[in-house]
Structure formats: C-alpha cells, structure tokens
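This report concerns only the one structure given below.
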Amino acid sequence: MRLGRAVLALALVGAAFATAPASGAPSTFEGIPLYDHVAVIVLENSNFDTSWGPASAAHYLNSLRAEGAFDDQYFAIGHVSLDNYIAMISGQPANPLSGTDCLAVNLWLCVQPQRLMS
23 MRLGRAVLAL ALVGAAFATA PASGAPSTFE GIPLYDHVAV IVLENSNFDT SWGPASAAHY
83 LNSLRAEGAF DDQYFAIGHV SLDNYIAMIS GQPANPLSGT DCLAVNLWLC VQPQRLMS
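Position 63 of the sequence shown, counting from 1, maps to 85 under my numbering, and the rest follow consecutively.
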C-alpha cells in the first residue's frame, strides 16, 4: 500500500509540474496548437491489445484516442513499476534501487539518490 501511495504522490507532483504556468511570455509556433491541459493515461500490467485492441472492453478509453494524441511507440524502460514512473516524469534512468522497486529498502531511502542527482 505504501508503494501505491508513493506512486500516486509522484503522479500528482508530475501533474502539478505539467500544469504549472511557464515563466515569461508564452512562445507561439505557427501550426502548433496551444494546449490548456495535458493528461497522460498509463495503463499497466496488461498488453496493448487488451487495452487498445479491437476486442478491448475499454470502450471509453478507446473513444478518447480520437480526441487527442496516441503514442503507440512509448515503451517502458524497465520491468518493474517505479523505474518507469521516475523515467516518465523526470527523464532520469533507474538507479540500482529504483530498478528493483526498492524491494530491499523502504521507498524513502530509494528515492533519495534520485533527488540528489537532479
């Protein structure tokens, strides 16, 4: 349960940074739309066809694809969850502890080296 709370906290921090206003005057590029909100939906522990294939039971999620962008070439960097969440919101690769979901230690000790590197 602790790992679930930590993952939720990481997701909320990432969402806060993603929605924070940029400093200075906004840049505009011709032909590129300006988005007010960005949502990242991460589906885990099931294969692509289960979530997005023609026989998928996720009808609502599939209806969202037409409303935005869909990146079917976005892949995990590791096998466990924590290293993928850290990479998704920070761009940092896994360290030896986060690459194992911090199974040998508690989560607080695991993420401290990541904070020091950034």
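Note that beta-carbon positions come from the ideal geometry of N, C-alpha and C, so glycine has one too.
Query                                                                                      : Result
Range of the contiguous alpha helix (DSSP H) that encloses residue 109                     : 103-112
Helix, strand or coil at residue 86 according to DSSP, with G and I counted as helix       : helix
Closest by C-alpha distance to residue 69, when choosing among 105, 116, 96, 89            : 96
CB contact check: residue 96 to chain C, cutoff 9 angstroms                                : In the structure shown, chain C cannot be found, because there is only a single protein chain.
Pairwise C-alpha distance: residue 98 and residue 84                                       : 21 angstroms
Residue range of the alpha helix (DSSP H) that includes residue 94                         : Element bounds for residue 94: n/a, residue is neither H nor E.
Extent of the continuous alpha helix (DSSP H) run through residue 72                       : 70-74
Proximity winner among 121, 113, 125, 76, relative to residue 101 (alpha-carbon distances) : 121
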